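First the structure, in the form of structure tokens, and then the observations on it.
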Amino acid sequence: MFYMVFKVLYFLSFLLLPVVITRKKRPTAALAWIMAIVFLPVLGAFLYLLFGTDRIKNKGKQKFISNVGLREKHHDIEAYWSSERLLASKHELPDQIANIMKVTNKLSPFGPVDNNKIEILVDAEETYQKMEEAILSAEHHVNLDYYIFEPDKVGARFRDLLVKKARQGVKINFLYDAVGSMSLGWAWKFLEGFHAANIEPQEFLPLRTFFKPWNINLRNHRKILIVDNRFGFTGGLNIGEDFLNDGSRRWRDTHMMIEGPAVTQLQWVFCEDWYFATGEDLFKPDYFPKSMSNGNYFAQVVPDGPDEGVEAIKSIFFTAISEARKSVYITTPYFIPDQTINLALQMAALRGVDVKLLLPHKSDHPLVLLASRSYYDDLLKSGVSIFEYMPGILHAKMFIVDDHLVVIGSANHDIRSFSYSFEINVQVYNDEFTEIAKRVFLNDIERSRELSTSVFLKRPSHVRFSENTCRLLSSLL
Numbered sequence: 279m280f281y282m283v284f285k286v287l288y289f290l291s292f293l294l295l296p297v298v299i300t301r302k303k304r305p306t307a308a309l310a311w312i313m314a315i316v317f318l319p320v321l322g323a324f325l326y327l328l329f330g331t332d333r334i335k336n337k338g339k340q341k342f343i344s345n346v347g348l349r350e351k352h353h354d355i356e357a358y359w360s361s362e363r364l365l366a367s368k369h370e371l372p373d374q375i376a377n378i379m380k381v382t383n384k385l386s387p388f389g390p391v392d393n394n395k396i397e398i399l400v401d402a403e404e405t406y407q408k409m410e411e412a413i414l415s416a417e418h419h420v421n422l423d424y425y426i427f428e429p430d431k432v433g434a435r436f437r438d439l440l441v442k443k444a445r446q447g448v449k450i451n452f453l454y455d456a457v458g459s460m461s462l463g464w465a466w467k468f469l470e471g472f473h474a475a476n477i478e479p480q481e482f483l484p485l486r487t488f489f490k491p492w493n494i495n496l497r498n499h500r501k502i503l504i505v506d507n508r509f510g511f512t513g514g515l516n517i518g519e520d521f522l523n524d525g526s527r528r529w530r531d532t533h534m535m536i537e538g539p540a541v542t543q544l545q546w547v548f549c550e551d552w553y554f555a556t557g558e559d560l561f562k563p564d565y566f567p568k569s570m571s572n573g574n575y576f577a578q579v580v581p582d583g584p585d586e587g588v589e590a591i592k593s594i595f596f597t598a599i600s601e602a603r604k605s606v607y608i609t610t611p612y613f614i615p616d617q618t619i620n621l622a623l624q625m626a627a628l629r630g631v632d633v634k635l636l637l638p639h640k641s642d643h644p645l646v647l648l649a650s651r652s653y654y655d656d657l658l659k660s661g662v663s664i665f666e667y668m669p670g671i672l673h674a675k676m677f678i679v680d681d682h683l684v685v686i687g688s689a690n691h692d693i694r695s696f697s698y699s700f701e702i703n704v705q706v707y708n709d710e711f712t713e714i715a716k717r718v719f720l721n722d723i724e725r726s727r728e729l730s731t732s733v734f735l736k737r738p739s740h741v742r743f744s745e746n747t748c749r750l751l752s753s754l755l
């Protein structure tokens, strides 16, 4: 009986192959699922039905509809930064940067805003301290939207501070990702500290393994902290002991602290996420006081995800690489580019642009690192310089074009960030800020090793086989 059932399931599994071929737009994704179904027929088909179908797209559409409803309902708030787009005319930007901004304005719901103060933060402990100082100053609200919030000593520091402010009458809205912060969801004693102060942490797309297991592939990868719409923090740094750079893994991340109108754009993204997760509308005057700052940085927030309908961040990266005249410097922990980004990097190097990639030497996701290295051959042959960060685990995300544009945020250069995850980046159009970012990049380069094209191309065949195998599975990593 069992054998007959297995044979029927085995046959039915292969009936999914035409479905995979017709529905998957990316050849690599289609090939990965085809291999899974062919070599693991019953299991591969089961996994495809759970994770590979359009349920992810449909969930993204649900959030898109939610976003559109909020933007129409609160158009008066949105009009504030729509009018700020006019400020672009005050800044004399080089043609290539102006072109990047034009594309960004089409793909982001927010325009560029002026008068921001922005600080790049590269030390985790220093970043946590600045975040704690901002929270201590809170008078009305603290909003947190985090992919990973660990219930450890660092997490306890933030929990206790949030509890303290809640008891002073400050409203605490805390949203965490159900997969990234899975350990938090199970830490009932840790969560009791929040509940005692009437703080109810909320999960983004909670896992319902039996009913909605496909949700595991659709995650909120953002890291956002907002205090009274005065201070905003975002970037790549999660909250936890593992992310300290004096720990065993010597974690290296990049974050940013913002004061000014760009914080309002971060606030808007948080409120959209909060509404989608909880149904509570936070678009109220107390949450959107006009941001006051005397800074001189011109910045623009770019949210992205399945809810936006376009791969905004990937499209902006492609445009920036294609428009670059002098240099493209990229720091990313997970590098699995699709064909368009890969080719754009090669073409930029071939036309004389100084293209440098700063990537990890060791990773918290070793299979992703193997897949990444499968792309190095063609890039090195085209003249792209590749550096591997040696002191510890590199998790920073930064993108610098010429001497005029810096992008810092949560997005990696991989398929997951471009297509599946909810991400957020901040683009800063300023020569002075770019110079600061370049010093950070070059300081990391000094602690890295440059790959030799001749040596790397001679690596053993079994290493190449491992890399290319992981590359075939890249859409699943």
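Numbered by the numbering used here, the letters in the sequence shown go through residues 279 to 755 in order.
All C-beta atoms in this analysis are idealised placements derived from N, C-alpha and C, irrespective of residue type, glycine included.
Since we're looking at a predicted model, the values are computed, not measured.
Cβ pair residue i, residue j closer than 8 Å
| i | j | result |
| --- | --- | --- |
| Pro296 | Ala577 | no |
| Glu500 | Asp423 | One point to set straight first is that residue 500 is Arg, not Glu, in the sequence displayed. Going by C-beta atoms, Arg500 is nearer than 8 Å to Asp423. |
| Leu645 | Ile664 | no |
| Ala598 | Ile413 | no |
| His691 | Ile619 | yes |
| Tyr722 | Thr556 | Note on identity: in this sequence residue 722 is Asp, with Tyr being the wrong assignment. Not closer than 8 Å, so no. |
| Ile594 | Val381 | yes |
| Val457 | Arg497 | yes |
| Ile502 | Ile702 | yes |
| Val580 | Val606 | no |
| Val704 | Thr512 | yes |
| Ile517 | Gly510 | no |
| Tyr698 | Pro615 | no |
| Glu403 | Leu522 | yes |
| Ile671 | Trp529 | yes |
| Leu560 | Asn393 | no |
| Leu648 | Ile375 | no |
Cβ distance (whole Å) where residue i is taken to contact residue j below 8 Å
| i | j | result |
| --- | --- | --- |
| Ala590 | Ser386 | 6 Å |
| Leu735 | Asp655 | 6 Å |
| Ala416 | Arg445 | 12 Å between Cβ atoms; not a contact. |
| Met676 | Phe719 | 7 Å |
| Val706 | Tyr575 | 6 Å |
| Leu658 | Ser650 | Not a contact, Cβ separation roughly 13 Å. |
| Gly538 | Lys395 | 6 Å |
| Asp709 | Asp681 | 6 Å |
| Ser652 | Cys748 | 7 Å |
Residue i, DSSP secondary structure in three states
| i | result |
| --- | --- |
| Gln446 | coil |
| Lys716 | helix |
| Tyr424 | strand |
| Leu735 | coil |
| Gly463 | helix |
| Glu478 | coil |
| Leu672 | strand |
| Tyr612 | coil |
| Thr532 | coil |
| Leu750 | helix |
| His643 | coil |
| His740 | helix |
| Lys604 | coil |
| Arg435 | helix |
| Pro296 | helix |
| Phe711 | helix |
| Arg727 | strand |
| Asp430 | coil |
| His499 | coil |
| Glu745 | helix |
| Val662 | coil |
Alpha-carbon spacing of residue i relative to residue j, whole angstroms
| i | j | result |
| --- | --- | --- |
| Met535 | Leu623 | 30 Å |
| Arg435 | Arg527 | 21 Å |
| Phe488 | Val662 | For Phe488, the predicted model reports a pLDDT of 44, less than 50, meaning its position is unreliable; a value from the coordinates is still stated below. About 46 Å. |
| Val420 | Leu453 | 11 Å |
| Glu550 | Ala627 | 39 Å |
| Leu544 | Arg742 | 42 Å |
| Pro611 | His740 | 24 Å |
| Ser361 | Ala308 | Its pLDDT being 48, under 50, Ser361 is placed unreliably in this model, and the value from its coordinates should be taken loosely. If you take the alpha carbons of Ser361 and Ala308, they lie about 43 Å apart. |
| Lys483 | Asp373 | The sequence shown places Leu at residue 483, not Lys. Roughly 41 Å between the two C-alpha positions. |
| Ser688 | Pro319 | 36 Å |
| Gln617 | Lys592 | 11 Å |
| Val633 | Val588 | 26 Å |
| Pro429 | Glu519 | 9 Å |
| Phe696 | Lys640 | 23 Å |
| Leu750 | Glu728 | 26 Å |
| Glu478 | Phe472 | 7 Å |
| Lys431 | Gln407 | 14 Å |
Closer than 7 Å: residue i CB and nearest the ligand NAP heavy atom
| i | result |
| --- | --- |
| Ile714 | Here there are no bound small molecules, and the ligand NAP is not part of this structure. |
Quiz prompt | Residue ranges of each beta strand (DSSP E) within the region 547-595, 3 or longer | solution = 575-582
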